[in-house]
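Novice: With UniProt numbering, letter number 11 in the sequence shown gets 11, and the count goes up by one each step, no holes.
Don't be surprised by glycine CBs; every beta carbon is placed ideally from N, CA and C.
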Amino acid sequence: SLSVMENGEATAAAETEDGSRSGVIRFEVDNVSKLDTRGRYSPEVEVGGVPWKISVRKQGSNLGVFLASITNISTLWSIDVEEEIIIFNSDASKNVTSKIDKYPFQHNRSIMGKNNMLKWDQMIDKEEGFINDDKITVEIRFSISKMRGIRMPPHFDFTNPDEPNHDVAFIIDEEKIYANKILCVFSPVFYAMFHGEFAEKNKKE
């Protein structure tokens with residue numbers, strides 16, 4: 001699914017596959033001609049259980065674009081990432097792209113990209129086709145190949161009857177929600193339903 005987030009003068013759209021370790025962040029930057037070396041960050045996007053952002057900044061006479069991992073869980077984590085950076089042009093055949101293979105993100109080097117993705121003068125020249133109404137759009141497609149020191153959150157699909165952990169279904173307004181009877185350990189309501197003298201006691205749904 002594609003979600004759009006707003007952050008001041010910027011918007012970002014992120015797309016991830018369910019339970020996937022890959023994603024796409026598209027970042028539209030307003031007032032790009034006013035960028036400086038501090039740069040600007042996209043809204044935060046979670047991929048692989050880890051928050052990520054795009055950083056766009058002026059790097060001397062160039063435009064730099066970077067992927068940043070925003071996590072501080074410990075000093076021992078490491079994430080191997082492959083990324084592709086794209087700066088869009090009004091003529092798709094003139095899009096600027098760059099690929100980076102297996103960069104290890106860590107607590108002391110949690111940002112990676114290209115300092116010289118595009119010449120600054122070329123970027124702000126309307127005739128070149130990158131800037132429109134003082135906006136540019138950049139995108140980073142990335143995939144996580146290995147994670148160390150970070151525990152992935154469990155993924156549950158309560159709409160899928162084939163999930164191995166499901167052994168009961170609740171019918172709510174003719175819609176089925178699948179779950180596990182272990183819920184009774186955490187909820188007195190479910191405990192009473194599954195172990196009390198109720199009609200639902202021995203039913204699967």
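#1: Which of helix, strand or coil does DSSP assign to residue 174?
#2: Tell whether a beta-carbon distance below 8 Å holds between residue 98 and residue 85.
#3: Run through the DSSP bridge pairs and tell me what residue 139 is partnered with.
#4: So, with DSSP's three-state summary, where would you put residue 1?
#5: Could you give the distance in angstroms between the alpha-carbon of residue 60 and the alpha-carbon of residue 124?
#6: Return the bridge partner residues of residue 97 from the DSSP annotation.
#7: If contacts are defined as beta-carbon pairs under 8 Å, then residue 141 and residue 24 qualify, I think. What distance do you get, rounded to the angstrom?
#8: Measuring CB to CB, does residue 126 end up less than 8 Å from residue 62?
#9: By DSSP, does residue 9 sit in helix, in strand, or in coil?
#10: Quick one: give me the first and last residue of the beta strand (DSSP E) that residue 124 is part of.
#11: In whole angstroms, give me the CA-to-CA distance for residue 116 and residue 76.
#12: Determine, using beta carbons only, whether residue 75 comes closer than 8 Å to chain C.
#13: Per DSSP, what kind of secondary structure is residue 51 in: helix, strand or coil?
Specialist: Taking the structure as given:
#1: coil
#2: yes
#3: 26, 86
#4: Note on residue 1: pLDDT 36, under 50, position unreliable in the model; no value is reported.
#5: 14 Å
#6: 86
#7: 5 Å
#8: no
#9: Residue placement at residue 9 cannot be trusted, given a pLDDT of 41 that sits under 50; the coordinates are not used to answer.
#10: Here residue 124 belongs to no beta strand (DSSP E); instead the alpha helix (DSSP H) covers 120 to 124.
#11: 30 Å
#12: Absent from the structure is chain C; it holds one protein chain and no more.
#13: strand
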